[in-house]
Amino acid sequence: MKSVQRFWLLACLSAMLCTGFAAAQEKSKFDQLTEGKKKLDGMWTTYQKDQQLLVALTPTDLKREYIFIPSIAKGISRGDVLGGMSWGDGEDAIWAFKVVDEKLFIMRRNVRFRAKPNTPEATAVSLAYSDSVLYVLPILTKSPSSAVLVDMTSVFMNDDQKVGQAIGPGFRFMNDRSTWSSIKNFDENLEVQVNAVYSGSIGIDTVPDSRGVQVGIHYSISVLPPVGSNGYKTRVADDRVGF
139 MKSVQRFWLL ACLSAMLCTG FAAAQEKSKF DQLTEGKKKL DGMWTTYQKD QQLLVALTPT
199 DLKREYIFIP SIAKGISRGD VLGGMSWGDG EDAIWAFKVV DEKLFIMRRN VRFRAKPNTP
259 EATAVSLAYS DSVLYVLPIL TKSPSSAVLV DMTSVFMNDD QKVGQAIGPG FRFMNDRSTW
319 SSIKNFDENL EVQVNAVYSG SIGIDTVPDS RGVQVGIHYS ISVLPPVGSN GYKTRVADDR
379 VGF
């Protein structure tokens with residue numbers, strides 16, 4: 139009888155130890171999602187594997203503003219799609235983040251209309267004009283330090299820059315054939331380059347086959363220094379005459 143009791147006691151102790159060990163070994167959702175991915179520390183912490191790019195944004199990151207600059211890293215010597223050319227609508231794109239429930243909103247700030255803060259004019263501007271919502275990303279999880287983890291693959295793997303239209307009528311961005319060319323992370327900027335592939339039916343004499351046109355698109359995202367930092371001072375400007 140004593141041997142049976144001893145056996146059950148040992149069995150219970152063993153089960154408790156195994157349960158405790160398993161609990162200690164259980165990984166957080168953040169660790170599970172980032173496991174096996176290439177981690178780069180810098181302005182934002184990035185995790186990349188294959189065609190997926192996860193980004194962890196700290197509470198400080200979410201309060202900052204960023205300047206977003208696209209350019210053509212490798213072109214096709216046709217029209218405006220030339221290597222080394224800047225790209226976009228001619229205006230600096232300023233990004234800001236906003237968290238609503240379990241979603242991250244990437245906003246493009248409206249910098250065309252401004253007024254001195256805390257003035258009636260500022261109130262009028264805020265009522266008359268608004269920012270644009272570029273992307274809404276689900277928050278996958280949070281790190282122990284409260285950084286939100288989001289999948290930014292779709293932010294870069296797209297044709298939001300309308301390069302396809304510049305190549306020619308009917309050219310479409312091919313997500314399944316586009317890849318990361320390089321991802322570099324620094325203290326105050328993130329540099330992402332995509333080897334974007336476009337497909338169309340119109341012949342182009344500068345590429346061998348228009349069904350798979352490759353264009354290198356570079357995205358530079360940098361922290362926008364607060365006004366007054368680093369000795370920066372605003373100056374009077376007039377959009378009609380440039381800078």
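Position 230 (the sequence shown) corresponds to 368 in the numbering used here; numbering is contiguous. Positions of the beta carbon are idealized from the N, C-alpha and C atoms, including for glycine.
Suppose you measure from the CA of residue i to the CA of residue j; what does that come to, to the nearest Å?
| i | j | result |
| --- | --- | --- |
| V301 | V271 | 21 Å |
| K322 | K254 | 37 Å |
| R349 | N313 | 13 Å |
| L171 | E326 | 25 Å |
| A304 | Q331 | 19 Å |
| L178 | I359 | 15 Å |
| S319 | P258 | 48 Å |
| L195 | Y185 | 12 Å |
| P307 | D169 | 44 Å |
Output yes or no for whether 9 Å exceeds the beta carbon distance between residue i and residue j.
| i | j | result |
| --- | --- | --- |
| L191 | D343 | no |
| F309 | Y336 | yes |
| G213 | G222 | yes |
| G354 | I205 | no |
| I207 | A231 | yes |
| P276 | E240 | yes |
With 16 as the cutoff for other CB atoms within 10 Å, does residue i come out buried or exposed?
| i | result |
| --- | --- |
| A266 | exposed |
| M181 | buried |
| P364 | exposed |
| S316 | buried |
| A375 | exposed |
| F311 | buried |
| L287 | buried |
| I340 | exposed |
| G369 | exposed |
| G217 | exposed |
| A285 | buried |
| T183 | buried |
Over the uninterrupted alpha helix (DSSP H) stretch that includes residue i, give me the two end residues.
| i | result |
| --- | --- |
| S264 | P258 to A266 |
| K167 | K167 to T172 |
| P197 | P197 to K201 |
Please report the residue range of the beta strand (DSSP E) in which residue i lies.
| i | result |
| --- | --- |
| K177 | K176 to L178 |
- Tell me the start and end of each unbroken alpha helix (DSSP H) in the region 272 to 326 that is at least 4 residues and wholly inside, in chain order. 291 to 294 and 301 to 305
- Item | Residue ranges of each beta strand (DSSP E) within the region 338 to 373, 3 or longer | 351 to 361
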